[in-house]
Amino acid sequence: MAVDLALTEITSGVFELRLPIPFEDGLVNVFVFPDGKEADLLDCGMNADESVEMIRRGLRLLGAERLRTLMVTHIHPDHYGAAGTFAGGPGLANLYIHRLEVPLVNPRYVELEHLVDEVRRYLLVNGVPAEESDVLSNSQRALSQVVKTAEASVQLDGAETVQMGTRELRVEWTPGHSPGHICLYDITEGLLFAGDHILPELSPNIGLHPQSTPDPLHEYLEGLRRMAALQPTRVLPAHGRPFTNAPERVEVLVAHHQRRLDQILEIVGRDEKSAWQVALELWGVRENLYEKRLALQEGLAHLQALAVEGRVTKTVTPESVRWRLV
Ligand SMILES: [Zn+2]
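Read in order, the letters of the sequence shown are residues 0 to 325 in numbering that gives the first Met the number 0.
Quick look at the structure:
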């Protein structure tokens, strides 16, 4: 198999491996921390042959005969997909993951029926037409094919000090993109392993949905400010290249959400609306199913934040969720 090995030493004892993401253009960055004949891994890519082989080859090149710890920033397939290949079983690594991610795994990747049904009903009450609700709720099924789940060995709360390679890193719980998303912070060197929390080019999707926390946007913004306050010397993101200007990047991301909140206020100010109507006005008609669902969930996260702030009225019945200006 042709393996294009993109293994770079980021700083002493930390190697970045850039893995392909099946069905998508981008790459996901995972990090290897060698320690003699062992190594620890932060995120593991999707459970696809090429990606798994790149990790194996990276470990061999670094002289690591055994993977000790697999730390996962969150359970999205490009970060967690190969978990069951590298961790959880006899002779495999110990999986460390935030405890709020643990209950999301089985409904999302193993016993899908209940969640597919729940999402379908959720889409319907939020104004998505029946036919599209069916298609969108079923779109989750494809992802379970690139994910092999693993039992967690350690469930994190956040604020733990963990050993990765020869380093000691602090777990920073940064919910929003996913309920139990974590970053890792190397205090001595000021390195922030940011997962999807702070990306250099994209604004990570912050969505309200059956598996999210109830107010993900506020949590996300709070986490951004907390990470900026650390004033890391360097941010190592899961997508894109490392960067240095964390507080500046955080300001841009906060301003982006602020603008979005203003736009949504304007949209619901004209008329009472469903979240689907809001999303259509904001982003227009999207062809890509996955994008449609993300747009709805992102719109909902903003509407919910506005409702929590008392700027928008949210009315719910078993049939519908509607939003209007206070
Ligand atoms: Zn993600």
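Note that beta-carbon positions come from the ideal geometry of N, C-alpha and C, so glycine has one too.
With burial defined as no fewer than 16 other Cβ atoms inside 10 Å of the residue's Cβ, what is the status of residue i: buried or exposed?
| i | result |
| --- | --- |
| Pro203 | buried |
| Lys272 | buried |
| Arg120 | exposed |
| Gln162 | exposed |
| Val146 | buried |
| Thr314 | exposed |
| Phe192 | buried |
| Ala151 | buried |
| Met0 | In this predicted model, Met0 has a pLDDT of only 36, less than 50, meaning its place in the structure is not dependable enough to derive any value. |
| Glu318 | exposed |
| Asp3 | With a pLDDT of 48 at Asp3, under the threshold of 50, the predicted position of this residue should be treated as unreliable, and no value is reported. |
| Asp48 | exposed |
| Asp39 | buried |
| Ile201 | The residue you asked about is not Ile; residue 201 is Leu in the sequence shown. Exposed, since its Cβ has fewer than 16 Cβ neighbours within 10 Å. |
| Pro231 | buried |
| Arg107 | buried |
| Asp24 | exposed |
| Phe14 | buried |
| Glu247 | exposed |
| Ala63 | buried |
| Asp185 | buried |
| Leu288 | exposed |
| Pro19 | buried |
| Val284 | exposed |
| Ala86 | buried |
| Pro236 | buried |
| Val267 | buried |
| Ala245 | buried |
Span of the alpha helix (DSSP H) holding residue i?
| i | result |
| --- | --- |
| Gly298 | 288-307 |
| Leu220 | 215-228 |
| Ile263 | 245-269 |
| Glu159 | Neither: Glu159 is in no alpha helix (DSSP H) and is coded neither H nor E. |
| Asn137 | 129-137 |
| Asp116 | 111-124 |
Consider the Cβ of residue i: report whether some Cβ of chain B lies at a distance smaller than 8 Å.
| i | result |
| --- | --- |
| Pro178 | Structure shown: chain B not included; a single protein chain is present. |
Quick one: measure Cβ to Cβ for residue i and residue j, integer angstroms, because I've assumed they're closer than 8 Å.
| i | j | result |
| --- | --- | --- |
| Asp34 | Thr212 | 34 Å between Cβ atoms; not a contact. |
| Leu61 | Val27 | About 19 Å; that fails the 8 Å criterion. |
| Asp116 | His78 | Contact doesn't hold; Cβ gap of about 26 Å is too wide. |
| Gln262 | Gly126 | Between Gly126 and Gln262 the Cβ distance is about 18 Å, and since that is not below 8 Å, they are no contact. |
| Ala92 | Arg67 | 6 Å |
| Gly239 | Pro199 | 4 Å |
Would you check if the distance between the CB atom of residue i and the CB atom of residue j is smaller than 8 Å?
| i | j | result |
| --- | --- | --- |
| His196 | Leu260 | no |
| Leu264 | Arg310 | yes |
| Leu99 | Gly194 | no |
| Glu37 | Arg65 | yes |
| Ala304 | Leu216 | yes |
| Leu135 | Thr10 | no |
| Ala83 | Thr148 | One detail in the question is off: residue 83 reads as Gly in this sequence, not Ala. Yes; because the gap between Cβ atoms is below 8 Å, this pair is in contact. |
| Asn329 | Gly90 | Residue 329 is absent from the model: the chain starts at 0 and stops at 325. |
| Val234 | Pro241 | yes |
| Val29 | Gly44 | yes |
| Leu114 | Gly206 | no |
| Ser177 | His75 | yes |
| Ala254 | Ala278 | no |
| Thr173 | Glu167 | no |
| Leu155 | His97 | yes |
| Met53 | Leu16 | yes |
| Leu123 | Ser132 | yes |
| Arg323 | Thr312 | yes |
| Gly57 | Leu6 | yes |
| Val307 | Asp214 | yes |
| Met226 | Glu290 | no |
Need the endpoints of the beta strand (DSSP E) that residue i sits in, please.
| i | result |
| --- | --- |
| Ala274 | Counting along the chain, Ala274 falls outside any beta strand (DSSP E), though it belongs to the alpha helix (DSSP H) covering 274-282. |
| Arg17 | 13-19 |
| Leu26 | 26-34 |
| Pro236 | 233-236 |
| Glu318 | From DSSP, Glu318 is part of no beta strand (DSSP E); its letter is neither H nor E. |
| Thr10 | 6-10 |
| Pro38 | The sequence given here places Ala at residue 38; Pro does not occur at that position. Note, Ala38: beta strand (DSSP E), 37-41. |
Any heavy atom of ligand 2 inside 7 Å of the beta-carbon of residue i?
| i | result |
| --- | --- |
| Ser132 | The ligand content of the structure shown is limited to ligand 1, which means ligand 2 is not among them. |
- Pick out the complete alpha helix (DSSP H) segments inside the segment 60-104, 4 residues or longer, and give them in chain order. 76-79, 82-85, 101-104
- Query: Counting only runs that start and end within the segment 161-220, where is the alpha helix (DSSP H) found for 4 or more residues in a row?
  - Reply: none
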